[in-house]
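*Asks:*
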Amino acid sequence: MMRRLQSLYESGMVLIVLIGTLLLWEVAVYLLRPPPIILPAPSLIWREFLITPGYFLQQSFSTLYTTVVGFVLAVALGLALAVGIVHSKFLERTVYTLLVALNSVPKVALAPLFVLWMGTGIEPKIAIALMLALFSVVIDAVLGLRSVDPDMINLARASRASSFAILRKIRLPNALPSIFAGLKVAISFALVGTIVGEFVAGSEGLGFAILTAQGQFDTPRVFVCLILLGLLGTVLFYIVEFMERLALPWHVSQRTGHAAAP
Amino acid sequence: MTTNGMAAGPGRPPHPVAEAAYVAIRRVGKSYGSLKGAVHALDGIDLDIRGGEFVSILGPSGCGKSTLLKCIAGLEKPTSGQIDIQGKPLNGPPDRLGMVFQRDVLLDWRTVLDNVLITAEFAHIPTASVRERALQLLWRFGLKGYEDRHPWELSGGMRQRAAICRALLCDPDLLLMDEPFGALDAMTRDDLNLELARIWQDTRKTVAFVTHGIAEAIFLSDRVVMMDRNPGRIIEVIDIDLPRPRHLAIRETSEFAHYVGHIRQLFTSLGLLKDG
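As given, the protein sequences belong to chains C and E, one line each in that order. Note that our numbering has the first sequence beginning at 4, numbered continuously upward. Note that our numbering has the second sequence beginning at 48, numbered continuously upward.
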């Protein structure tokens, strides 16, 4: 109950700060009158959205779809790679080293290459989203799978557990907090990857809409897209966090009001 | 007090395998390579543990007592020598083994009951068939009402009790305990010593118990194996001829004090303990 109130209070504060910022923005634009091409007022942005809401929602959905597909693929591939890296010295020396090396290349610069390989459809965008999200999935999953108390493994081995049972019953659940930390970073990266893909060669999506609006010097339209993008990113992040809560009711970060028994 | 030194010299012939030895350790050595040269964790360990016997392994930190226990558990391979369990050379963890470590290593995402049941899951025994036994063990160790709690809701002593239940679930013949009460406060430690003595009295499992507590070792054991470090080796094995069942008050008797005195003196003479 106290926790409910607390979280209600916190959401209220966020809302107040948000509304305050918008008001300040509106007033500043009204007083200083910058040209709308530089900084449109929030009310103007809102009116712009209302002209063609269907168009904006469609572009948002397209971006959302690409991001989620890229993210899900990155998670599947990333977890498989992490398990392989933890269990095989060979994969650790090859794949892991390669991934770390690849990560130090600004991956955004590879986007045009993907377009050359895969064309201008949705595939290169998914691929770029996947590539950007993959690294944080792998790094955090490897870290989590490795951070097991050696005595926990000893105990399992003493009970003659198979290494698959050790993976399933000890390593994976033990790694979940770390894996979710990686997923929360990865979902944002997947969105960045999608937008980059849409910038480079897009015919739909918020990234494409931003470029189109820029070409027409339609700044209010750019702002509509940016705000939708912000909303999208926030919602995706909280969905991952919500899944974390469902998956980790036992974790330190989720415990409430459990005093240790005397 | 009977004492028989078991320090292994280089010319010492190997023991014949004793009939009743559940665990037979023959000239076991373990060394690790390191940049500064090899570290001899264990050197020439000869020890028989009889079936149903409670043996404590006592020594300062770094004497290799935990390594010895891991070798008996089949978790580490000796670099020399051989360990037989029931006459068969050890190759990997033996059948019917239970282990307890200093840290309880309970899994946070499982309830206390499910933590106990994991032993059965690892051994591919249907958990439904041992559920009743798990509950009885938990009740016996004073954890009634905590079956569905999570480990973080329990005190250190209760957690270690649950860890012991987990080790006992599949009714092991051999119980290996690596400083199980080392992280507990003195009162909880007394409690658990008493409970362990009782359960041993009832079940007569073969127990190897690693500790650095002199009183604890004497109180629990039939024999105390004393080790020294650099290299890790056995310096003396003493029989503890105290009547059973033992109560905590036995620690105030002169016989008990005599054993303590002997062990302290030995460790002091080796510079492992300071006297004053």
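The C-beta atom is built at its ideal place from N, Cα and C for all residues, glycine as well.
(1) Hey, out of Leu42(C), Leu67(C) and Glu13(C), whose CA is closest to Gly236(C)'s CA?
(2) What residues in its chain sit with their C-beta under 6 Å from that of Val147(E), if we drop five residues either side in the sequence?
(3) What is the DSSP secondary structure of Thr197(C), reduced to helix, strand or coil?
(4) Ends of the beta strand (DSSP E) at Thr258(E)?
(5) How many Å lie between Ser14(C) and Leu21(C) at the Cα?
(6) Taking all protein chains shown into account, do 16 or more other C-beta atoms lie within 10 angstroms of the C-beta of Asn138(E), making it buried, or fewer, making it exposed?
(7) Of the residues that make up the stretch 137-160 of chain C, which ones have a beta carbon closer than 7 Å to any beta carbon in chain E?
(8) Is there a C-beta anywhere in chain C that falls below 8 Å from the one on Ala88(E)?
(9) Under 8 Å Cβ to Cβ from Pro63(E), same chain only, skipping five residues before and after it: list those, please.
(10) Could you tell me which whole beta strand (DSSP E) segments of length 3 or greater appear in the stretch 189-247 of chain E?
(11) Taking only the alpha-carbon atoms, compute the straight-line gap between Phe2(C) and Gly210(C) and give it to the nearest angstrom.
(12) Decide if the stretch 157-164 of chain E is in contact with the stretch 99-112 of chain E; the criterion is three or more beta carbon pairs, one per stretch, under 8 Å apart.
(13) Compare the C-beta of Phe169(E) against all C-beta atoms of chain C and say whether one is closer than 8 Å.
(14) Can you look up Gln62(C) in the DSSP assignment and give me helix, strand or coil?
(15) Among Ala132(C), Leu94(C), Ser91(C) and Pro38(C), whose alpha-carbon lies nearest the alpha-carbon of Lys110(C)?
(16) Strictly under 8 Å for the Cβ-Cβ distance: is Ile173(C) near chain E by that measure?
(17) For Ile129(C), report the span of its alpha helix (DSSP H) as first-last.
(18) Sort Gly87(C), Thr70(C), Thr123(C) and Ile198(C) by Cα distance to Ala144(C) and report the nearest one.
(19) Any C-beta of chain E within less than 9 Å: which residues of the stretch 172-200 of chain C qualify?
(20) Run down chain E in chain order and give the residues with a C-beta less than 7 Å from the C-beta of Ser162(C).
(21) Provide the residue(s) that pair with Val86(E) in DSSP beta bridges, ordered along the chain.
(22) Let's test the definition: count the other Cβ atoms within 10 Å of the Cβ of Glu51(C) and tell me whether it reaches 16, buried, or not, exposed.
(23) Around the Cβ of Leu84(C), are there at least 16 other Cβ atoms within 10 angstroms (buried) or fewer (exposed)?
(24) From the DSSP output, which residues share a beta bridge with Lys187(C)?
(25) If we cut at 8 Å on Cβ distances, does Trp267(C) have a partner in chain E?
(26) Could you compute how far the alpha carbon of Val78(C) sits from the alpha carbon of Leu137(C)?
(27) Looking at the structure shown, is Leu154(E) part of a helix, part of a strand, or coil, going by DSSP?
(28) Residues in its own chain within less than 7 Å of Asp237(E) by CB, not counting five upstream and five downstream?
(29) Report yes if the CB atom of Val75(E) is closer than 8 Å to the CB atom of Val272(E), and no otherwise.
(30) Among Gly84(E), Asp155(E), Asp142(E) and Gln183(E), whose alpha-carbon lies nearest the alpha-carbon of Pro219(E)?
(31) Pull up the CB-CB distance for Leu122(E) and Leu221(E), whole angstroms please, since I reckon it's below 8 Å.
(32) Of the choices Trp247(E), Ile261(E), Phe314(E) and Pro290(E), whose alpha-carbon is the least far from that of Glu100(E)?
*Replies:* With the structure as the only source:
(1) Leu67(C)
(2) Ala210, Ile211, Ala214, Met224 and Pro227
(3) helix
(4) Thr253 to Thr258
(5) 11 Å
(6) exposed
(7) Asp152, Asp154, Met155, Asn157, Leu158, Ala159 and Arg160
(8) no
(9) Low confidence applies here, because Pro63(E) scores a pLDDT of 46, under 50, leaving its location unreliable and the question unanswered by this model.
(10) 221-225
(11) Chain C is shown from 4 up to 265; residue 2(C) falls before or after that span and cannot be answered.
(12) no
(13) yes
(14) helix
(15) Ala132(C)
(16) yes
(17) Glu126 to Arg149
(18) Gly87(C)
(19) Lys172, Ile173, Pro176, Asn177 and Leu179
(20) Thr166, Phe169 and Ala170
(21) Tyr79(E)
(22) buried
(23) buried
(24) Answer is none; Lys187(C) lacks a bridge partner.
(25) The question about residue 267(C) has no answer here: the residues shown for chain C are numbered 4 through 265.
(26) 7 Å
(27) coil
(28) Leu295
(29) no
(30) Asp142(E)
(31) Not confirmed; about 13 Å, so no contact.
(32) Trp247(E)
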